[in-house]
Amino acid sequence: MKLSFVHSDTEEAKGAAERLSERYGNHDSREAEVIVALGGDGFMLQTLHDHMDTESRIFGMNRGSVGFLMNDYSDDGLLERIADAEGETIRPLRMVATDLAGDDHHAAALNEVSLLRQSYQAAKIRILIDGRLRMEELICDGVMVATPAGSTAYNLSAHGPILPLSAPLLALTPVSPFRPRRWRGALLPNQSTVDLEILEPEKRPVNAVADHTEIKSVSAVTIRESRSLSATILFDRSHGWDERILLEQFRY
């Protein structure tokens, strides 16, 4: 099995990559069957982006701080672990953000697309689902659309629901809603198109963020799941994604 080792900038990740390369060999990522990512969740996201829509599968081992998307680290038995691993296909969100100058910006997000206020004033956002008005005005710090893969990240911190990876759903979650104060968001079919229109965009500026891509001062954002792009992530069979989701829901 041809492996390609990639790592974050930490000394711990670099050292692990050197040891594993000596033991298992290190191939160019374009020739490798599996990309082994060494770092934390942020580095795993970047690796998935870099190898999206290729035949490469990504097996992560935690050399970072959180590692929800990562497997436990070990020098031993790597080939056997990869051969026995379970694969999960992740489809990103497609964001089209229109700025105040009328220019469109395109980006993909494996975790979430979030809109966040830029100034001290709360954002005012109109929400349409599949072209139908669902909320005339949400006054808030922001709002996001999260994939199942991203539901345990920023979405969970904003009190959004945790979604199993196989669930054909998206989470629409507000960030610190002021009006309507008790609105906690919605679960949407993954084929939905979400249109978010910024009200008073010059007075109440809003930025749009798709994973690591940020667009300043937007007037409207359209979000839908991509049907063409995908990435494959590998998990140890003994601690697969479904098990991680269950454990996360019973933490307190």
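The opening position of the sequence shown corresponds to residue 1 in the working numbering, with each subsequent residue numbered one higher.
For every residue, glycine included, the Cβ atom is placed at its ideal position computed from N, Cα and C.
These figures come from a predicted structure and were not determined experimentally.
Across the set 154, 189 and 156, the C-alpha of 189 shows the shortest separation from the C-alpha of residue 168. Listed in chain order, the beta strand (DSSP E) elements of length 3 or more contained wholly in the region 21-107 are 34-39, 57-62, 86-90 and 93-99. Residue state for residue 142 is assigned as strand, using DSSP reduced to three classes. Here residue 207 is near residue 116, since their CB atoms are less than 8 Å apart. Looking at the backbone, the Cα of residue 186 and that of residue 75 are separated by about 43 Å. For the pair residue 2 and residue 37, the CB atoms are not nearer than the 8 Å cut-off. Nearest to residue 201 by C-alpha distance, out of 183, 213 and 220, is 220.
In this structure, the CA atom of residue 145 is about 9 Å from the CA atom of residue 151. When the alpha-carbon of residue 238 is set against those of 87, 91, 64 and 130, the nearest one is in 87. With fewer than three CB-CB distances shorter than 8 Å, the region 58-78 does not count as touching the region 167-183. Three or more Cβ pairs drawn from the region 227-246 and the region 90-104 lie within less than 8 Å of each other, which places the two stretches in contact. Nearest to residue 110 by C-alpha distance, out of 156, 28, 174 and 52, is 52. It is roughly 11 Å from the alpha-carbon of residue 240 to the alpha-carbon of residue 247. Selection 106, 121, 130 and 159 evaluated against residue 211 yields 106 as nearest (Cα-Cα). In this structure, the straight-line span from the alpha carbon of residue 60 to that of residue 84 is close to 14 Å.
Only residues of its own chain outside the window of five on either side were considered, and among them 128 and 222 have a CB closer than 6 Å to the CB of residue 195, listed in chain order.
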